[in-house]
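Contents: one structure, followed by commentary.
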């Protein structure tokens, strides 16, 4: 999960894997961070709209939505392709590029990248150069539900970055599943992961993924295979996406809430 601040709006990307506020009080934590920011920047909470949006429509990314629904100064974006297209003004999914302004100085580009899931999107923060990719690119397993869509999406994402000559300071996914040893991952469902690989990836990793997908696409369906890279594992033929852990286990795992702007930074 990521919390991005502007002086007019705040964006929470993903709401976590746990429904119950008793075991995972995500809204309480988010509002606490917002209130501290308001205090440090001489703002009032009522002057800031919190928008809750998602990298895609899987349970471990949307389960906390209920804690934010019907709350003051808060908008929860729906999780379907239609909902995301409407909110971010994506008139021709998945080929449109949307924009979302946190204020006059900080804008995000919204890039549809279906493949891992039909409603997958990436967020590019023009102010910081951060590219947030959800489960489509992360240090771990890259499960691909729709291979042809995924090939097109990663190619379009790379084209968007390079054709606009954009700086990518880091690529941030939604999970860490790799160890510090190249090509070695943790078992699915692990709740104790010592010596994790760093979260941030680079534009080189996006190139690696694009090249692998293009090669497997050209080779044909029968040649698709799991491909191991230092920072991720491409899985184009998952028999099924791994089962989502229980609320309790996800709470123990400790999902990351990362404010991307300093609480003392007015931007």
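Residue numbers (the working numbering): 2 to 268. Positions of the beta carbon are idealized from the N, C-alpha and C atoms, including for glycine. Keep in mind it's a predicted model, so treat the numbers as computed, not measured.
In the three-state scheme derived from DSSP, where H, G and I count as helix and E and B as strand, residue 169 is classed as coil. The beta-carbon distance between residue 49 and residue 9, rounded to whole angstroms, is 7 Å. This is short enough to meet the 8 Å contact definition. When DSSP states are grouped into helix, strand and coil, residue 85 belongs to the helix group. Cβ neighbours of residue 235 within its own chain (closer than 6 Å, five residues either side excluded): 143, 213 and 228. Taken through DSSP and simplified to helix, strand or coil, residue 160 comes out as helix.
If you draw a 10 Å sphere on the C-beta of residue 189, you find fewer than 16 other C-beta atoms in it, and that means exposed. For residue 138, the CB contacts under 8 Å within the same chain, skipping 5 residues up- and downstream, are 155, 172, 174, 202, 206, 207, 210 and 233 in chain order.
For the 8 Å CB-CB criterion, residue 14 and residue 133 form a contact.
For residue 62, the three-state secondary structure derived from DSSP is helix.
Apart from the 5 residues on each side of it in sequence, residue 168 sits with its Cβ closer than 6 Å to the Cβ of 130 in its chain, given in chain order. Beta-bridge partners of residue 123 (DSSP): 112.
By alpha-carbon distance to residue 160, the top candidate from 96, 218 and 226 is 96.
Counting only the Cα atoms, residue 181 lies some 35 Å from residue 37. Selection 223, 56, 177 and 26 evaluated against residue 114 yields 56 as nearest (Cα-Cα). For residue 224, same chain residues with a beta-carbon under 8 Å away, outside a window of 5 residues either side, are 217 in chain order.
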